[in-house]
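See below for the structure under consideration.
In the numbering used here, the protein residues as written are 1129 to 1208.
Here it is in structure tokens:
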């Protein structure tokens, strides 16, 4: 697996570790406060629940992220 990557100037990136970083000079690590912006994924049917089954995947041809979910019309159930 090729661990090298490029970051465009002025483009924010999320670095969780130093993987792929060969050298650090004149760098300040900044953690920005997250901003809540509502549900990321919401069902179009109020009675339907959804479950995520993957992580978002970038589609370079369509220039958007794709995300697969499972929808169900069943009511929420509690296991006793």
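Glycine residues also receive a C-beta, built at the ideal position from the N, C-alpha and C atoms.
Going along the chain, which unbroken runs of the alpha helix (DSSP H) with 4 or more residues stay wholly within the region 1178 to 1202?
Contiguous alpha helix (DSSP H) elements confined to the region 1178 to 1202 do not occur, taking only those with 4 or more residues.
Close beta carbons around residue 1184, own chain, < 8 Å, minus the five adjacent residues each side
Excluding the 5 residues flanking it on each side, residue 1184 has same chain C-beta neighbours closer than 8 Å at 1193, 1194, 1195, in chain order.
Can you give the beta carbon distance from residue 1169 to residue 1197, rounded, assuming they're within the 8 Å contact cut?
Right, their Cβ atoms sit about 6 Å apart.
Going along the chain, which residues of its own chain have a beta-carbon closer than 6 Å to the beta-carbon of residue 1143, five neighbours each way excluded?
Around residue 1143: no qualifying Cβ.
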